[in-house]
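Colleague:
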Amino acid sequence: MSDFMDVVCAGLVVADHVCTPISHLPAAGELVLADRLLLALGGC
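What follows is the structure, encoded as structure tokens:
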């Protein structure tokens, strides 16, 4: 005997990229270094 099940999987994974404070907002094309970067699970 075999049983078949229909499976539907839908979802969304959101990640927040958080950094320590930076010295200033960068101008267009400028890079500003942060001391630490964190990647955390987020939400909508």
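With this note's numbering applied, the sequence shown corresponds to residues 46 to 89, in that order.
Built from N, CA and C at the ideal position, the CB exists for glycine as well.
Quantities reported herein were computed from a predicted structural model and do not represent experimental measurements.
Inspect the beta-carbon positions of Ala85 and Ala60 and report whether they are closer than 8 Å.
Modeller: Closer than 8 Å, so yes.
Colleague: Rounded to a whole number of angstroms, what is the C-alpha to C-alpha distance between Val96 and Ala55?
Modeller: With the chain running from 46 to 89 in the structure shown, residue 96 is simply not present.
Colleague: Just curious, the beta strand (DSSP E) that His62 is in, first and last residue?
Modeller: It spans 60 to 64 - the beta strand (DSSP E) in which His62 sits, taken as one unbroken run.
Colleague: If you follow the beta strand (DSSP E) that Leu78 is part of, which residue opens it and which one closes it?
Modeller: Looking at the DSSP string, Leu78 is not in any beta strand (DSSP E), and its letter there is neither H nor E.
Colleague: What are the residues that DSSP puts in a beta bridge with Leu86?
Modeller: Its beta-bridge partners are Ala60.
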